[in-house]
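According to my numbering, the residues represented by the sequence shown are 7 to 254, in order.
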Amino acid sequence: MPDCKSTAQSLSEWFATPQGGYVLAREQAYFDRTVSDIFGFNALQLGLPEHDFLRASRMPLRFNGASQAGADVQLCCSELPFDCDCLDLVLLPHILEFADQPHQILREVERVLMPEGSLIISGFNPFSLWGMRRMMGCKQGYPWNGHFINLLRLKDWLALLGFEVAGGRFAAYAPPLHTSKWLDRYAFMEKAGDRWWAVGGGVYLLHAVKRVPGMRLIKPQWNDGLVSKLLPVAPKVNNKITQKTKTE
């Protein structure tokens, strides 16, 4: 296994390395494909302002929000400065595993999303070769210093907030090697992983939709005794009319 140390001081710096670029290319492809089919007016990407994961979106207003300079809106992810039910799409590219309050971020996202609004999350899979490397004690630098969140746990969090999973996939099945040369040699693992080891990708991408229960029709409490008295009336009248017609 290559050296565990990473000198990257941010996730963007790590994405600029061959190892990070390998992951970035696969995540960008998923974001491009998914956001192009989501319609609405307002789309927000939280974090990573150096990378435009909304570039394929058709929404008229697309912007980035982050605490660092370079973002369209400087903000705190756990306290979003937006009205309730005002956004149609929110992206969380590796935000939760590097946040102190991931639950609070999800609650804020649920608050600002419109009913039937979409949320797309990318995260590192702890049950993969990438997660295994971190479990072996490689926790220096990005992305190894993050808290890799179990996908099943993330789905539970989303379900509690009223989200329904609409799609997703795993990617980056090759080992976390440092050089492009070695990563290319393991390129065959992408197709093999999708087919034979579907949940073993180094990263997962999840598309969830905010569901809001509709109105419930309140039915009247019928008086069974009164109904039973009224219902036979019509048949009796009809029978009398029928008998009179036959007599005539």
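Quick reminder that beta carbons are idealized off the backbone N, C-alpha and C, glycines included. Here the structure is a predicted model, which means the values were calculated and not measured.
- One Cα belongs to Q110, the other to R117, and the distance between them is close to 11 Å.
- In summary, F176 is buried, with 16 or more beta-carbon neighbours lying within 10 Å of its beta-carbon over all protein chains present.
- With fewer than 16 neighbouring CB atoms inside 10 Å of its own CB, C90 falls in the exposed class.
- W150 is the residue among S124, W150, L125 and G143 whose C-alpha sits nearest the C-alpha of G26.
- S134 sits buried, since 16 or more C-beta atoms from the chains shown fall within 10 Å of its C-beta.
- The beta carbon of M65 lies closer than 7 Å to those of G46, F47, N48, A49, D94 and L95 in the same chain, with the five residues before and after it left out.
- The beta carbon of L60 lies closer than 7 Å to those of V41, A49, Q51, R68 and L97 in the same chain, with the five residues before and after it left out.
- Contact annotation, M120 with C92: C-beta distance approximately 7 Å; criterion of less than 8 Å satisfied.
- Distance from the CA of D78 to the CA of R191, rounded to the nearest whole angstrom, comes to 39 Å.
- When DSSP reads this structure, R175 sits in a beta bridge with L211.
- For R68, the enclosing beta strand (DSSP E) stretches over residues L67 to A72.
- Assignment of beta-bridge partners to F194 by DSSP yields no partner.
- Of the residues R113, F169, F130 and L212, the one whose Cα lies closest to the Cα of R39 is L212.
- Ranked by Cα distance from P108, the first of G123, N156 and M141 is N156.
- If you look at M120, you'll find it in the beta strand (DSSP E) that goes L119 to F130.
- Under the three-state reduction of DSSP, D106 is assigned to coil, being neither helix nor strand.
- P181 sits in coil when the DSSP states are folded into three classes, being neither helix nor strand.
- For the options S63, V115 and W136, the alpha carbon positioned closest to that of I127 is the one of V115.
- Between L125 and F169, the CB-CB gap stays under 8 Å.
- The C-beta distance from L17 to Y148 rounds to 5 Å, short enough to meet the 8 Å contact threshold.
- Per DSSP, reduced to three states, the secondary structure at Q25 is helical.
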